[in-house]
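**Q** Okay, handing you the structure first.
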Amino acid sequence: MKALTRRQREVLALAANGNTNQQIARWLHISRDTVNNILGNAYRTLGAHDRAHAVAIALAVGELGVQQIIVPDQQRGAAA
5 MKALTRRQRE VLALAANGNT NQQIARWLHI SRDTVNNILG NAYRTLGAHD RAHAVAIALA
65 VGELGVQQII VPDQQRGAAA
């Protein structure tokens, strides 16, 4: 499988943490269309159908690390 670019990993990590495409665009100072294109290319590279599938595949193949996923405080207590 072809590797994701640094930018694709960065945008996918932001998406994995619950950010909308608009929030990602503002954070990175790019357009929402650019975010859509970056994510679309990442989905194709990973063979994913959607955001959740892309994140799952990226985690499974090591493109994203679990340490990049921020667990909300209310979930931390529930997992213990």
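In the numbering used here, each number is its position in the sequence shown, counted from 1, plus 4. Note that beta-carbon positions come from the ideal geometry of N, C-alpha and C, so glycine has one too.
Cα separation between P76 and H33?
**A** For the purposes of this step, residue 76 is taken as residue 72 along the sequence shown, with counting starting at 1. For the purposes of this step, residue 33 is taken as residue 29 along the sequence shown, with counting starting at 1. Using only the alpha carbons, I get a separation of about 25 Å.
**Q** Does the distance from the C-beta atom of V99 to that of M5 stay below 8 Å?
**A** Residue 99 is absent from the structure shown; the chain starts at 5 and stops at 84.
**Q** Rounded to the nearest angstrom, how far is the Cβ of E67 from that of L18, given a contact under 8 Å?
**A** Looking up residue 67 in the sequence shown gives position 63. Looking up residue 18 in the sequence shown gives position 14. Contact doesn't hold; Cβ gap of about 14 Å is too wide.
**Q** Using beta-carbon positions only, say whether N45 and R36 come within less than 8 Å of one another.
**A** Here residue 45 refers to the residue found at position 41 of the sequence shown. Here residue 36 refers to the residue found at position 32 of the sequence shown. No, these two residues do not count as a Cβ contact at 8 Å.
**Q** Near V15, which residues of its chain fall below 8 Å by C-beta distance, leaving aside the five closest residues on each side in sequence?
**A** By 1-based counting over the sequence shown, the position of residue 15 is 11. The residues are I28, L32, V39, I42, L43 and A46.
**Q** Under three-state DSSP, which class holds N21?
**A** What you label residue 21 is simply residue 17 of the sequence shown in a count that begins at 1. Correct three-state label for N21: coil.
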